[in-house]
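Novice: Numbered by full-length UniProt numbering, the letters in the sequence shown go through residues 1 to 210 in order.
Structure below; questions to follow.
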Amino acid sequence: MGLIALRNVMLWHQITFIPDMEGTSSCASGEGGGGRYFLHLVALNLPFSGDMRADFQCFQQAQLAGLTSTYRAFLSSHLQDLATVVRKTDRHHLPIVNLKGEILFNNWESIFNGNGGQFNIHVPIYSFDGRNVMTDPSWPQKVIWHGSTANGIRLVSNYCEAWHTADTGAMGQASPLKTGKLLDQKVYSCSNQFIVLCIENSFVSDPQGK
């Protein structure tokens, strides 16, 4: 084969291969073995009070961990209900997994079926730096902020003024992990420092943050 012909063959392979790579990297979800896709649920590396820029923190910590997808806070905000944080086309068929790929929920919608987001407490939830938030002492209070009803609808009276205050008198909806639920309905002062979760998706993070 001549040099020109060989070069044309190599160029053809590059042209046909690159779109597949780009299609994978732009997908909302992670990819597992056999081309299976899923969405990761990961905790921030430190606990936070009710005054947080959670979307920005999720985006930044994911980038620092070498994760290429966009991550949003597992919180209801003044702009969006928690149940709609993941785009509609990905809510029904993608499993929700931890950082190591272990399944927490069959899909996004199953978290909001009214049972409080019940999950297997023997499947750990990891932070972006790989620690188990259920056992690591960096999170002394094993409670997660969410600011939502059991169906993932925002609770404007209990979401720490749209996650902008740590005042003792302000209240936020949260869930003790010992209940085995992500959306248990307990109210706490926004001065508490609790676990904040992030969910992988395809939306660009709000530059204003939460």
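From the three backbone atoms N, C-alpha and C, an ideal C-beta is built for every residue, glycine too.
1) Using the Cβ count rule (16 or more neighbours within 10 Å means buried), how would you classify Asn106?
2) Would Glu161 pass as a contact of His40 if the rule is Cβ separation under 8 Å?
3) Could you check if Val9 is buried or exposed, using at least 16 other CB atoms within 10 Å of its CB as the buried criterion?
4) In the structure shown, what three-state DSSP assignment does Ser110 receive?
5) Per the DSSP calculation, Gly42 is bridged to which residue(s)?
6) What first and last residue would you give for the beta strand (DSSP E) that runs through Leu104?
7) Relative to the C-alpha of Val156, which candidate in Gly172, Ala166, Trp139, Thr168 has its C-alpha closest?
8) Would you say Ser76 and Arg154 are within 8 Å of each other, going by their C-beta atoms?
9) If you measure between the beta carbons of Ser138 and Ala43, is that distance less than 8 Å?
10) Among the candidates Ala166, Leu183, Asp129, whose CA atom is the shortest distance from the CA of Gly114?
11) Quick check on Phe59: does DSSP put it in helix, strand or coil?
12) With respect to 7 Å, is the separation between the Cβ of Asn201 and the closest non-hydrogen atom of the ligand FAD below this value?
13) Assign Trp145 to one of three DSSP states: helix, strand, or coil.
14) If we count Cβ pairs, one from each stretch, closer than 8 Å, do we get three or more for the segment 118 to 125 versus the segment 50 to 67?
15) Enumerate in chain order the residues of its own chain whose CB-to-CB distance from Pro103 is below 6 Å, with the five nearest sequence positions on each side excluded.
16) Using only alpha-carbon positions, find the residue among Asp129, Thr84, Ile111, Trp108 that is nearest to Cys58.
17) For residue 211, count neighbouring Cβ atoms within 10 angstroms of its own Cβ and tell me buried if that reaches 16, exposed if not.
18) What does Val97 pair with, by DSSP beta-bridge criteria?
19) With the cut-off set at 8 Å, would you say Leu82 and Gly152 are in Cβ contact?
20) Report yes if the C-beta distance between Val144 and Ile195 is below 8 Å; otherwise report no.
21) Which partner residues does Asp51 have in the DSSP bridge list?
22) In angstroms with no decimal places, state the Cα-to-Cα distance between Gly66 and Asp136.
Specialist: From the atom records:
1) exposed
2) Glu161 places its beta carbon 8 Å or farther from that of His40.
3) Annotation note: pLDDT 36 at Val9 (below 50); position unreliable, coordinate value reported separately. Flag for Val9 reads exposed.
4) Ser110 falls in the helix class under three-state DSSP.
5) Residue identity check: residue 42 is Val in the sequence provided, not Gly. In DSSP, Val42 forms a bridge with Cys198.
6) 103 to 105
7) The candidate whose alpha carbon is nearest that of Val156 is Gly172.
8) yes
9) no
10) Per the Cα distances, Leu183.
11) Phe59 sits in a helix when the DSSP states are folded into three classes.
12) With respect to small molecules bound, the structure shown includes none, and the ligand FAD cannot be examined in it.
13) strand
14) no
15) Per the sequence shown, the amino acid found at residue 103 is Ile instead of Pro. These residues qualify, in order along the chain: Pro95, Val97.
16) Ranking Asp129, Thr84, Ile111, Trp108 by Cα distance to Cys58 puts Asp129 first.
17) Outside the modelled stretch of the chain, which goes from 1 to 210, sits residue 211, for which no answer is possible.
18) Answer is His40, Ile103, bridged to Val97.
19) Against a cut-off of 8 Å, the Cβ pair of Gly152 and Leu82 comes out as a contact.
20) Per the sequence shown, residue 144 should be read as Ile rather than Val. A distance below 8 Å separates the beta carbons of Ile144 and Ile195.
21) His164
22) Straight-line Cα distance between these residues: approximately 22 Å.
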